[in-house]
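So the structure is just underneath, and the comments pick up after that.
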Amino acid sequence: MPRILIVEDSASTRAFVRTTLEAESGVPAVEVSEAASGFDALRLLPRGPYDLVISDINMPDINGLELVQFMRKSEQHKNTPILLISTQSSERDRLRGLRLGADGYLAKPFGAAALMNDVARLLSGRGSERDG
Amino acid sequence: MADPTDKARDEFLSEAQEIVETLSRNLLDLDTSVRAGSADPGLVNEAFRAVHTLKGLAGLFGAGRLGHLSHRLEDLLDDLRLGRMTLAPEVLDVLFSAVDAYARLLAMAREGSDEPVPAVEELLARLDTLAQHAPGKASPSSDYDLDPGLLAVLTEYEEHRLRANLEQKLGLYRLRVEFDLATIDKALEDLKERAKRHGEIITYLPAGEATSPDAIELDLLMASRDDLATLIGSLGADNVVIEELPRRRSVAGSIAPRGTTGRIPQQQGGESAAPVRAGEASLDQGPSLRSLTQTVRVDIRKLDNLMNVVGELAIVRGMLARLAERLRAEGERRTAADLLRLHRSFDRRLAEMQAGILEVRMVPLGQVFERLARVVRQIGREMGKDIRLVITGAETEIDKLIVEELSDPLMHMIRNAIDHGIEAAARRLEVGKPIAGTIALNAYQKGNHVMIEVEDDGRGIDGDAVVEKAVRLGKLSAEDASELGREEILALVFLPGLSTRGTVDDVSGRGVGMDIVKTNIGRLGGIIDVQSEPGIGTKMTITLPITLAIVSALMVDVAGHTFAIPLSTVSEALSLDAGGTRLLDGREVITLRGTTLPLCRLERVLKLTRPPGQPAAHRNYVVVVSLGNRRLGLVLDHLVGQQDIVIKPLGRSLSTVRGFAGATELGDQRVGLVIDAAAIVDEVLAQSEHREAPVHG
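Read top to bottom, the protein sequences are chains A and B.
Count along the first sequence from 1, add 52, and you get the number used in our numbering.
Count along the second sequence from 1, add 98, and you get the number used in our numbering.
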């Protein structure tokens with residue numbers, strides 16, 4: 053069962069992502085963990101490996117870009133797919149995230165279909181946006 | 099979200115509400131920092147983050163108007179935080195009105211309405227105007243040789259802060275700090291707090307995996323006016339390595355430092371920046387999990403239901419006690435003793451449960467005080483008066499439902515204080531007061547009550563003007579007026595239609611008077627008193643019960659019926675011998691410690707019929723109820739005792755009956771009515787005023 057970590061400081065956005073993942077990924081579903089901040093993510097990561105990390109960019113402690121940077125330097129997480137989600141839908145942020153090693157970028161607001169499309173792509177190990 | 103469930107929507111709305119409250123606190127801090135000379139960039143960025151998060155949430159949950167407003171505010175705050183616009187007071191005004199606009203939008207969203215809100219439209223127009231006047235000053239182009247690797251990981255805001263600091267010729271430092279993951283939040287917060295004295299921490303970047311899986315190294319990029327030695331002296335510790343980054347050199351964390359390096363022994367004896375060593379905490383995996391799920395939100399109605407269950411259990415407890423009593427009377431001593439022991443244990447647990455539920459319902463008064471701080475600022479600006487608000491006891495806790503209802507009365511009292519109380523600047527100078535008027539908002543707990551004082555250092559209440567107006571409005575005869583003491587005169591301000599100023603103005607004149615304030619406070623089971631010294635100031639004191647859910651009541655018997663009188667309204671009880679009363683203006687009164695106390699026979703006012711075989715007692719009791727400054731003696735047959743009761747609303751058929759606040763279960767499966775002392779005092783004293791009028795007139 054794929055394990056997914058959601059990193060997002062907004063509780064209702066976390067709930068939305070979790071509900072979508074659980075409802076749309078069929079049976080057997082995915083196993084979802086939630087981190088309410090970048091630091092929580094750092095604490096949960098050692099319990100991995102996760103098959104996918106979905107992270108917000110704008111968070112109060114360490115931001116999503118910093119989390120990407122940390123994971124890419126880490127032996128354990130350097131190959132874990134990362135999908136960034138953020139309201140900052142500027143090209144600059146997308147490029148910055150991908151340059152640091154994220155595999156996808158989804159601008160908020162997004163619907164269930166767009167989310168599942170990216171999740172399926174990254175879980176299957178097909179195409180990171182970085183490569184293509 | 100395509101089809102948001104109600105629950106998800108509720109959660110979205112409460113989260114949005116919390117963010118707006120945080121934003122409001124944040125703006126107040128910002129206002130303080132602007133007044134102190136410069137806007138704290140960190141606070142501007144936090145405000146930006148709040149609005150940014152709201153925008154994201156609104157998008158996901160299809161709240162279009164909320165999203166649109168957030169989007170526009172985000173643009174404004176982005177200009178502010180990136181230094182493209184300065185934070186003038188008018189801009190801060192717009193931000194403050196955004197808090198109110200959000201409150202309205204959220205209230206509408208809760209009702210499922212998507213109508214345009216005038217206040218929001220107006221705010222959007224003001225945002226348009228601001229945007230047109232924005233100078234559009236771009237960040238200066240880079241004169242500094244910043245490492246592209248570093249720029250890649252800085253957000254736009256962090257990059258701006260870095261440039262702003264470098265422009266001021268501050269030095270740049272890197273602090274490599276190893277944190278224990280379990281305690282990083284607090285340790286980092288402490289370090290940031292100490293670093294503030296020396297400069298600004300621009301960002302922190304994870305440096306990679308540390309020596310232990312339970313630790314992490316962060317590179318903190320810091321701008322400071324102090325030199326390396328000072329920083330090492332102040333911030334250095336076992337787990338902190340500080341180095342200076344030469345100005346025109348690479349500052350990327352990934353490149354090996356060439357600057358001076360200092361690692362010095364821990365200085366301030368176990369400062370919190372030093373983490374708990376990994377081994378000590380590694381066995382306990384608890385903290386990280388707990389930190390994810392510390393709080394739950396609960397609908398207050400669920401707590402009400404629980405409290406009702408507790409009320410019903412209290413009845414069971416009463417029945418157990420009576421059963422034990424009966425067994426003992428029948429000679430079953432051992433069983434009775436066992437049962438009593440059980441009863442005591444049940445009693446203790448029930449009390450704990452009751453206290454637990456009450457504790458959950460409690461929220462700090464700070465919530466409502468913050469809203470008031472905004473009002474003070476706004477009215478002060480409107481009236482051109484400089485007002486200093488001093489708040490004490492914001493942490494005092496009170497029932498959530500009471501807090502909700504307190505906002506309007508307090509707001510009105512504060513409007514009054516600023517408008518009528520605080521003198522114009524010129525007048526204040528003349529009488530030797532500081533130009534800034536002070537309004538103090540104090541809260542504290544006193545026994546089972548919470549006291550809230552609203553105090554100003556203004557002109558005080560002009561007693562003569564109050565009396566004159568009361569007479570003119572026909573509330574009082576000139577003759578009576580001449581006999582009033584200062585306290586009684588001050589109490590006149592709570593009469594309908596009394597305001598010491600003739601005009602209805604924008605600030606305190608919105609058709610709401612102190613009489614409404616008093617009624618609203620009374621509805622919460624509270625009372626309000628006023629003290630005032632001419633030329634020195636006015637103090638209004640509100641006394642409130644801590645909770646509405648459970649009330650301490652005095653149980654009394656009248657004509658064979660049992661009633662509950664909430665103790666919050668009772669000032670004393672005394673026995674009354676037959677013939678101990680006298681008549682004054684056709685009304686029964688007694689003299690109590692030198693003052694005249696009007697009496698009211700509950701039996702008559704409640705129109706009770708005495709059951710056969712229950713003759714009127716020779717000896718009665720008087721329960722003195724006081725509301726504000728009005729007192730009335732309720733005459734009844736017996737005092738039964740004190741009891742905590744759960745008040746339940748009366749059914750619809752009885753809800754129009756005056757004189758009762760609700761019903762409560764008495765424990766022997768009988769239902770008793772709860773006396774609404776405020777209503778009885780109003781009714782009885784109003785009657786006597788009518789009757790007495792011709793006597794004097």
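Each residue gets a CB set at the ideal place from its N, CA and C atoms; glycine is no exception.
From a predicted model like this one, the values you see are computed outputs, not experimental measurements.
Range of the contiguous alpha helix (DSSP H) that encloses residue i
i      : result
T693/B : Note, T693/B: premise wrong, no alpha helix (DSSP H); beta strand (DSSP E) at T693 to R699.
H716/B : Taken as a continuous stretch (DSSP letters only), H716/B belongs to no alpha helix (DSSP H), as it is neither H nor E.
R469/B : G464 to M481
I587/B : R584 to A589
A434/B : R431 to R459
Y200/B : P187 to R208
V149/B : P139 to L158
A327/B : L326 to L333
A286/B : Here residue 286/B turns out to be Leu, not Ala, going by the sequence shown. Note, L286/B: alpha helix (DSSP H), I282 to A293.
G165/B : G162 to R179
D92/A  : G90 to L96
L525/B : Note on identity: in this sequence residue 525/B is Arg, with Leu being the wrong assignment. Taken as a continuous stretch (DSSP letters only), the alpha helix (DSSP H) holding R525/B covers A523 to E528.
E257/B : E254 to E265
Distance cut-off 8 Å: residue i Cβ against heavy atoms of the ligand ADP
i      : result
D780/B : With respect to the ligand ADP, the structure shown offers nothing to examine, as it has no ligands at all.
Identity of the residues DSSP links to residue i by a beta bridge
i      : result
N540/B : T490/B and E551/B
I625/B : T641/B
G416/B : In the DSSP output, where bridge partners are listed per residue, G416/B has none listed.
Y302/B : L318/B
M653/B : A662/B and G739/B
F758/B : I773/B
A427/B : Partner(s): none; A427/B has no beta bridge.
L136/A : S107/A and Y157/A
I485/B : G535/B
Beta-carbon neighbours of residue i, restricted to chain A and to distances below 9 Å
i      : result
D173/B : Chain A residues near D173/B: none, gap ~13 Å exceeds 9 Å.
E468/B : Chain A residues near E468/B: none, gap ~20 Å exceeds 9 Å.
Neighbouring residues, chain B, relative to residue i (Cβ below 9 Å)
i      : result
D155/A : By Cβ distance, chain B contributes nothing, its closest Cβ being about 17 Å from D155/A, past 9 Å.
D113/A : I282, D283, L286 and Y302
Terminal residues of the beta strand (DSSP E) in which residue i lies
i      : result
P507/B : Taken as a continuous stretch (DSSP letters only), P507/B belongs to no beta strand (DSSP E), being part of the alpha helix (DSSP H) at K498 to N514.
D809/B : No statement about residue 809/B is possible, as the shown extent of chain B runs from 99 to 795 and does not include it.
F277/B : G269 to D278
T660/B : H659 to P664
A134/B : A134/B -> no beta strand (DSSP E), and no H or E assigned at all.
V687/B : R685 to L690
S580/B : S580/B -> not in any beta strand (DSSP E); alpha helix (DSSP H) instead, spanning A576 to E581.
S107/A : L104 to D108
L764/B : L764/B -> no beta strand (DSSP E), and no H or E assigned at all.
D560/B : Run containing D560/B: none; DSSP gives neither H nor E here.
I114/A : Looking at the DSSP string, I114/A is not in any beta strand (DSSP E), and its letter there is neither H nor E.
R55/A  : R55 to V59
A87/A  : E83 to A87
S62/A  : That residue, S62/A, is in no beta strand (DSSP E); it is neither H nor E in DSSP.
V668/B : V668 to D675
Proximal residues of chain A, C-beta to C-beta of residue i below 7 Å
i      : result
K153/B : T139
F110/B : S64
L279/B : L94 and R95
I314/B : L94
E276/B : Ordered by position in chain A, no residue passes the 7 Å Cβ test against E276/B, which lies about 13 Å from the chain.
E86/B  : Residue 86/B lies beyond the stretch modelled for chain B, which goes from 99 to 795, so this question has no answer here.
Contacts of residue i in chain A (Cβ-Cβ under 8 Å)
i      : result
G157/B : T139, K160 and P161
Under 7 Å from the C-beta of residue i: neighbouring residues of chain B
i     : result
A67/A : A106 and E109
Amino acids of chain B, ordered along the chain, whose beta-carbon sits closer than 8 Å to that of residue i
i      : result
N131/A : Per Cβ cutoff of 8 Å: no residues; N131/A is ~15 Å from chain B at best.
Is the stretch 639 to 658 of chain B in contact with the stretch 525 to 534 of chain B, if contact means three or more CB pairs nearer than 8 Å? no
Any 3 or more C-beta pairs closer than 8 Å across the stretch 282 to 295 of chain B and the stretch 103 to 110 of chain A: no
State whether the stretch 88 to 100 of chain A contacts the stretch 140 to 154 of chain B, with contact taken as three or more CB pairs (one from each stretch) at a distance under 8 Å. Remark: fewer than three beta-carbon pairs, one from each stretch, lie closer than 8 Å, so the stretch 88 to 100 of chain A and the stretch 140 to 154 of chain B are not flagged as touching.
Mind checking the stretch 288 to 306 of chain B against chain A and listing, in chain order, the residues whose C-beta falls within less than 7 Å of any C-beta there? Residues passing the 7 Å Cβ filter: Y302, L303, P304 and G306.
Between the stretch 630 to 639 of chain B and the stretch 702 to 721 of chain B, are three or more C-beta pairs nearer than 8 Å? no
Is there contact between the stretch 162 to 170 of chain A and the stretch 113 to 133 of chain B, where contact requires at least three CB pairs shorter than 8 Å? no
Contact list for the stretch 155 to 169 of chain A against chain B, Cβ threshold 7 Å: K160, P161, G163 and A164
Interface residues of the stretch 137 to 149 of chain B facing chain A [CB-CB below 7 Å]: R147
Indicate whether the contact test is met: 3 or more Cβ pairs, each with one atom in the stretch 491 to 502 of chain B and one in the stretch 511 to 521 of chain B, closer than 8 Å. no
Would you call the stretch 273 to 288 of chain B and the stretch 329 to 344 of chain B touching, i.e. three or more CB-CB distances under 8 Å? yes
Touch check for the stretch 724 to 738 of chain B and the stretch 772 to 785 of chain B: three-plus C-beta pairs under 8 Å? yes
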